[in-house]
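*Asks:* Heads up, the sequence shown stops at 458 in this note's numbering, and the numbers go up one at a time, no gaps.
C-beta atoms are modelled at their ideal positions from N, C-alpha and C, and glycine is treated no differently.
Structure in structure tokens, see below.
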Amino acid sequence: MTGSSRAIPSIETARLRLRGFRESDLDAQAAILGDAEVTRHLGGAVLSREDSWRRMLCAPGLWTILGYGYWAVERRDDGVFLGQVGFADFKRDMKPSIEGLPEMGWILAPHGQGQGYASEAVAAALDWADAELGAPEITAIIDPENARSIRLAERSGFDLREDATYRGERILLFRRRR
Numbered sequence: 281m282t283g284s285s286r287a288i289p290s291i292e293t294a295r296l297r298l299r300g301f302r303e304s305d306l307d308a309q310a311a312i313l314g315d316a317e318v319t320r321h322l323g324g325a326v327l328s329r330e331d332s333w334r335r336m337l338c339a340p341g342l343w344t345i346l347g348y349g350y351w352a353v354e355r356r357d358d359g360v361f362l363g364q365v366g367f368a369d370f371k372r373d374m375k376p377s378i379e380g381l382p383e384m385g386w387i388l389a390p391h392g393q394g395q396g397y398a399s400e401a402v403a404a405a406l407d408w409a410d411a412e413l414g415a416p417e418i419t420a421i422i423d424p425e426n427a428r429s430i431r432l433a434e435r436s437g438f439d440l441r442e443d444a445t446y447r448g449e450r451i452l453l454f455r456r457r458r
């Protein structure tokens, strides 16, 4: 289902909750996107608190317009905000084009990395997409230097990999076919 409004579903896994963003997530989101180590693979520029807020506001719009989008990721046992995972169609000007296909992305806080949270969140989001979207494939673009995300993509079934160009830079394009 794409192209129509959908309430943001909440998904629970053994350790995580994927849910819609809340205003109270801003400071944690801004800390993540303001961390140079996190953003070095996301275009390189850290985001201000204001820009982090704008990015958070984008998430509900994706759900409204596309019927899919991004979730906030939190630990179930204590509610700690860990990051975000989800899907978008950002209409990227890239070669080859992925316009019209769900593009998966994930960003986790440094304190949430290396504990399997990203794998758990990505698996839950992909299970949802397989059941709800019916898309023939899901894409992901990853910085060639981001070894952790490359490994996660490959473990998550993104088995087709090719070079692509985005904003004049080489990027890796991964595809996960149904």
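For T445, which residues does DSSP report across the bridge?
*Replies:* K375, R450
*Asks:* So is E434 buried or exposed if we call it buried at 16+ other beta carbons inside 10 Å?
*Replies:* exposed
*Asks:* How is W287 classed by DSSP in three states: helix, strand or coil?
*Replies:* One point to set straight first is that residue 287 is Ala, not Trp, in the sequence displayed. Correct three-state label for A287: coil.
*Asks:* Could you pull out every residue in the same chain whose Cβ sits closer than 8 Å to the Cβ of G314, ignoring the five residues on either side in sequence?
*Replies:* V326, L327, S328, R329, S332
*Asks:* In the DSSP assignment, the beta strand (DSSP E) including G341 goes from what residue to what residue?
*Replies:* That residue, G341, is in no beta strand (DSSP E); its alpha helix (DSSP H) goes 329–346.
*Asks:* On the premise that P376 lies in contact with A308, defined as a C-beta separation below 8 Å, what is that separation, rounded to the nearest angstrom?
*Replies:* Not really, about 35 Å apart at Cβ, beyond 8 Å.
*Asks:* Looking at R456: is its Cβ nearer than 9 Å to the Cβ of S436?
*Replies:* A contact, by the Cβ cut-off of 9 Å.
*Asks:* When the distance is taken between beta carbons, is F438 closer than 9 Å to A427?
*Replies:* no
*Asks:* Going by beta carbon distance, what residues of the same chain come within less than 6 Å of R286, once the five residues before and after it are set aside?
*Replies:* Same-chain partners within the cutoff: W343, G347.
*Asks:* How long is the line joining the alpha carbons of L413 and I291, rounded to whole angstroms?
*Replies:* 15 Å
*Asks:* Select from G300, Y397, G380 the residue whose C-alpha is nearest the C-alpha of R372.
*Replies:* G380
*Asks:* When we look at the beta-carbon of Q364 and count the other beta-carbons within 10 Å, is it buried (16 or more) or exposed?
*Replies:* buried
*Asks:* On the DSSP letters alone, give me the boundaries of the beta strand (DSSP E) that T419 sits inside.
*Replies:* 417–422
*Asks:* What would DSSP say about G392, mapped onto helix, strand or coil?
*Replies:* G392 falls in the helix class under three-state DSSP.
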